[in-house]
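Worksheet: one structure, shown below.
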Amino acid sequence: MKKILSLAAQALVVSSAGLTTVACSNSLNSAEDGKSKPPDPIVQNIKYYQVLIKETENYILDCDEMLVEIKDNRDGYDDEVDYQSALDEVKAQRFAYQAEICDYQYQILLLEFNEKFTAEQVLEGIVIFSTRVSSLEQELKLKEKYPDYYTEKELEIIRNDIQVAKLILEIFLALKED
């Protein structure tokens with residue numbers, strides 16, 4: 000059962016987030032029959048994702064500094080609405096960065112995957128996706144307050160990401176029970 004759930008988790012990730020490359024023909028260098036081989040997805044190593052995590056953590060620190068700056072310059076805003084929207088925009092971006100970190104952590108977990116998830120990896124997956132769901136929900140909540148700033152398409156992408164993250168979290172919770 001664990002192996003089936005592990006494979007299901009892998010398939011879900013590969014189908015939703017893992018294969019973001021788009022296969023298209025090379026119009027300048029295509030084969031004579033007009034068909035060309037789609038590009039192979041690029042598989043990165045753990046170090047690559049660790050670097051991305053560090054970079055994104057720096058972006059989060061930048062957001063924290065911006066929040067302090069906004070709070071310190073509260074009098075510089077025309078009214079409370081402008082002040083609050085500035086705070087909410089930076090907070091939403093901070094949550095988006097946190098969700099990105101979770102995605103990178105999951106990519107590392109998949110690279111460490113060896114036929115089935117260990118108990119430790121299952122617990123790590125639960126933490127990763129609990130955090131990802133929470134971060135995405137907070138981001139969505141803040142962005143929904145400002146329908147003039149964010150398109151429905153942008154909000155729908157976040158909603159879909161939440162659903163996928165919840166589904167993967169359920170898979171990890173089921174793996175924990177086995």
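In numbering that gives the first Met the number 0, the protein residues as written are 0 to 177.
For every residue, glycine included, the Cβ atom is placed at its ideal position computed from N, Cα and C.
Cβ shell of residue i (< 8 Å), same chain only, five flanking positions each side left out
{"i": "Met65", "result": "Val89"}
Contact check, residue i vs residue j, beta carbons under 8 Å
{"i": "Phe94", "j": "Phe128", "result": "no"}
{"i": "Val121", "j": "Lys175", "result": "yes"}
{"i": "Cys62", "j": "Gln92", "result": "yes"}
{"i": "Gln97", "j": "Thr150", "result": "no"}
{"i": "Leu166", "j": "Val132", "result": "no"}
Nearest-angstrom beta carbon gap, residue j and residue i [assumed within contact, 8 Å]
{"i": "Ile59", "j": "Leu86", "result": "In fact, because the Cβ distance is near 15 Å, the residues do not count as touching under 8 Å."}
{"i": "Leu139", "j": "Arg158", "result": "7 Å"}
{"i": "Ile161", "j": "Ile100", "result": "Their Cβ separation, rounded to whole angstroms, is 16 Å, which puts Ile161 and Ile100 out of contact at 8 Å."}
beta-carbon residue i near the ligand NAD non-hydrogen atom, thresh 7 Å
{"i": "Val50", "result": "Of ligands this structure carries none, so the ligand NAD is not represented either."}
Same chain, Cβ closer than 6 Å to residue i, neighbours up to 5 away in sequence not counted
{"i": "Leu110", "result": "Ile45"}
7 Å CB neighbourhood of residue i in its chain, flanking five on each side removed
{"i": "Val123", "result": "Correcting the residue type first, residue 123 is Glu in the shown sequence and not Val. Answer for Glu123: Leu108, listed in chain order."}
{"i": "Arg202", "result": "In the structure as shown, the chain starts at 0 and stops at 177, and residue 202 therefore has no counterpart that could be examined."}
Interface flag, residue i vs chain B, CB-CB below 8 Å
{"i": "Glu176", "result": "The structure shown contains no chain B; it is built from a single protein chain."}
Is it true that the stretch 143-151 meets the stretch 99-109, where meeting means three or more beta-carbon pairs spaced less than 8 Å apart? Fewer than three pairs of CB atoms, one per stretch, sit closer than 8 Å, so the stretch 143-151 makes no contact with the stretch 99-109.
Note down, one range per segment and in chain order, each alpha helix (DSSP H) of at least 4 residues found wholly within the stretch 52-125. Uninterrupted alpha helix (DSSP H) stretches at least 4 residues long and entirely within the stretch 52-125 occur at 79-111, given in chain order.
Return the chain-ordered ranges of every alpha helix (DSSP H) run that is complete within the stretch 118-164 and spans a minimum of 4 residues. If we require 4 residues or more, the alpha helix (DSSP H) runs fully inside the stretch 118-164 come out as 118-143.
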